[in-house]
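Here full-length UniProt numbering is used: the first residue of the sequence shown is 1, the next is one more, and so on.
Heads up, the beta-carbon is just placed ideally off N, CA and C, and yes, glycines get one too.
From a predicted model like this one, the values you see are computed outputs, not experimental measurements.
All remarks here apply to the structure that follows.
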Amino acid sequence: MPEIRTAALAYVRDRRLLQTRSVDKEAFYMAGGKIDAGESAEDALHREIREELGSALVPASVSELGVFEAEAFGHPAGTHLHMTCFLADLVDEPAPTSEIAELRYFTVAEYAAMPHVAPGSMLVFRRLQAMGLVD
Numbered sequence: 001m002p003e004i005r006t007a008a009l010a011y012v013r014d015r016r017l018l019q020t021r022s023v024d025k026e027a028f029y030m031a032g033g034k035i036d037a038g039e040s041a042e043d044a045l046h047r048e049i050r051e052e053l054g055s056a057l058v059p060a061s062v063s064e065l066g067v068f069e070a071e072a073f074g075h076p077a078g079t080h081l082h083m084t085c086f087l088a089d090l091v092d093e094p095a096p097t098s099e100i101a102e103l104r105y106f107t108v109a110e111y112a113a114m115p116h117v118a119p120g121s122m123l124v125f126r127r128l129q130a131m132g133l134v135d
């Protein structure tokens, strides 16, 4: 089974989780992206957040939330997502870069009600809700 290995940021503000929508995509996803060969998940996270949100992570704030595995949304059936997700603070206000069309903060119910929901993101929403961090 093909596998996509990614690193993602669970950035919470006002009990809502930040999600990004890439240019030419319909669904909102976790900010982050694929881990390059020879790169650690945390190194990939730092690179992807600079690329997608135009900000850096506060190094001392980075902690691993967990590894989430699901069907990879938007990929051929049977493609497996292995997503290492981190909690962290941003140095600057997040802003969409050229590859990101839109940023939006969601509650669990708001995200679940979207027409397209990424299973990996939904797992993170549920974990954060169980921890009492998002509504």
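Between residue 25 and residue 5, the C-beta gap is not smaller than 9 Å, which leaves the two residues out of contact. Note that the C-beta distance between residue 99 and residue 85 is not below 9 Å. With a cut-off of 8 Å on Cβ pairs, the stretch 90-97 is in contact with the stretch 50-68, counting three or more such pairs. By the beta-carbon neighbour count (other beta carbons within 10 angstroms, threshold 16), residue 121 is buried. Looking only at 67, 16, 10, 27, the smallest Cα-Cα distance to residue 115 is reached by 27.
Leaving aside the five residues that flank residue 80 on each side, the residues in its chain whose CB is nearer than 6 Å to its CB run, in chain order, 1, 3. Assignment of residue 75 by DSSP, reduced to helix, strand and coil, places it in the coil class. When DSSP states are grouped into helix, strand and coil, residue 30 belongs to the coil group. Fewer than three pairs of CB atoms, one per stretch, sit closer than 8 Å, so the stretch 121-130 makes no contact with the stretch 32-46. Classified as buried, residue 16 has 16 or more neighbouring CB atoms from the shown chains inside 10 Å of its CB. Counting along the chain, residue 102 sits inside the beta strand (DSSP E) bounded by residues 100-106. In the DSSP annotation of this structure, the continuous segment of the beta strand (DSSP E) that includes residue 10 starts and ends at 3-10.
For residue 39, the three-state secondary structure derived from DSSP is coil.
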